[in-house]
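Peer 1: Sharing a structure here in structure tokens format.
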Ligand SMILES: [Zn+2]
């Protein structure tokens, strides 16, 4: 019997500290994509609220409660992270735990690094803690959520992990070189 | 060029995929006849000025939009969800 070793998407690539940012992989726990059926979003939100304390987030928003996080990722779709999904008769829900690469970029220069890669204004004045966008990071689609004053969670498809690390470290080196 | 997605807000053009004229939303009835179907499938205006076309917010929310824009001035006048236009 082969002895299989589980590897995270960024194993061997992260963490890295470059200038005023640290880029580290996040172990997200279970991830479930939730897509409420037509007219069912309210009922789904109520079930989630009762079970986990988080509702179904509005576009561009995320909600967190005691380790469970709901992140809006598209029209009628959100990801439940860090908790098992309760039974949701009013929604399609599917386990995507191994499909995503989750990274945190934190530090004073985090905004400057992302400004080189993402065509959306992520400055704190307009993009506050809990705000999220689905946009591009370089040429990749990515989900980006502000998790703190100088911290962002970035999610891309697992197959893009190495490209994500390359893009982030390259941009971070550029920002650091400016001093 | 920026497109005002009704869900995401105003976003850079690179987040969107262009499909073509919004006439695609007005599919003829199955028995409308060859002329109507030929027109639907193949004939497009090529306006100098205001036009309406379908864009997919591929790198954003995943919604199909009908965007109204001006081909002469490149002004983007607005965008609405295609599902609302079609229904
Ligand atoms: Zn959008």
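Residue numbers (full-length UniProt numbering), protein chains in the order written: chain H, 1 to 179; chain V, 1 to 87. Yeah, the Cβ is synthetic: ideal placement off N, Cα and C, and Gly gets one too. Just so you know, these numbers come straight off a predicted model, no measurement behind them.
Can you tell which of H:82, H:166, H:152 has its C-alpha closest to the C-alpha of residue 30 of chain H?
Peer 2: The shortest Cα separation from residue 30 of chain H among H:82, H:166, H:152 belongs to H:82.
Peer 1: Find the nearest neighbour of residue 157 of chain H within the set H:149, H:148, H:144, judged by alpha-carbon distance.
Peer 2: Comparing Cα positions, the closest option is H:144.
Peer 1: Determine, using beta carbons only, whether residue 3 of chain V and residue 61 of chain V come nearer to each other than 8 Å.
Peer 2: Cβ atoms of residue 3 of chain V and residue 61 of chain V: not closer than 8 Å.
Peer 1: When the Cα of residue 109 of chain H is compared with those of H:136, H:169, H:14, which residue comes out closest?
Peer 2: Closest by alpha carbon: H:169.
Peer 1: Would you mind giving the Cβ-Cβ distance between residue 165 of chain H and residue 13 of chain H, rounded to the nearest angstrom? I have them listed as a contact below 8 Å.
Peer 2: At roughly 5 Å, the Cβ-Cβ gap stays under 8 Å, so residue 165 of chain H and residue 13 of chain H are in contact.
Peer 1: In the structure shown, what three-state DSSP assignment does residue 16 of chain H receive?
Peer 2: Three-state DSSP puts residue 16 of chain H in a strand.
Peer 1: For the alpha helix (DSSP H) holding residue 121 of chain H, just list the boundary residues, first then last.
Peer 2: Per DSSP, residue 121 of chain H belongs to no alpha helix (DSSP H) and is neither H nor E.
Peer 1: Checking 8 Å against the spacing of the C-beta atoms, do residue 80 of chain H and residue 68 of chain H come in under that value?
Peer 2: Taking 8 Å as the Cβ cut-off, residue 80 of chain H and residue 68 of chain H qualify as a contacting pair.
Peer 1: How about residue 8 of chain V: is its Cβ closer than 7 Å to a heavy atom in ligand 1?
Peer 2: For ligand 1, at least one heavy atom lies less than 7 Å from the Cβ of residue 8 of chain V.
Peer 1: When DSSP builds the beta bridges, which residues end up paired with residue 100 of chain H?
Peer 2: Residue 100 of chain H pairs with H:157.
Peer 1: What are the start and end residues of the alpha helix (DSSP H) that includes residue 50 of chain H?
Peer 2: Residues 41 to 52.
Peer 1: Taking only beta-carbon positions, decide if residue 3 of chain V is within less than 8 Å of chain H.
Peer 2: Output row for residue 3 of chain V: interface = no.
Peer 1: Residue 108 of chain H by DSSP, collapsed to three states: which one?
Peer 2: Reduced to three states, the DSSP call for residue 108 of chain H is coil.
Peer 1: With a threshold of 16 other CB atoms inside 10 Å of the CB of residue 45 of chain V, please say whether the residue is buried or exposed.
Peer 2: Exposed, since its Cβ has fewer than 16 Cβ neighbours within 10 Å.
Peer 1: Please list, in chain order, the residues of the segment 40 to 64 of chain V that have any C-beta partner in chain H closer than 7 Å.
Peer 2: Listed by position, the residues of the segment 40 to 64 of chain V near chain H (Cβ gap below 7 Å) are 59, 60, 61, 62, 63.
Peer 1: Indicate, with yes or no, if ligand 1 has a heavy atom lying under 7 Å from the CB of residue 78 of chain V.
Peer 2: Answer for residue 78 of chain V: no, Cβ out of range of ligand 1.
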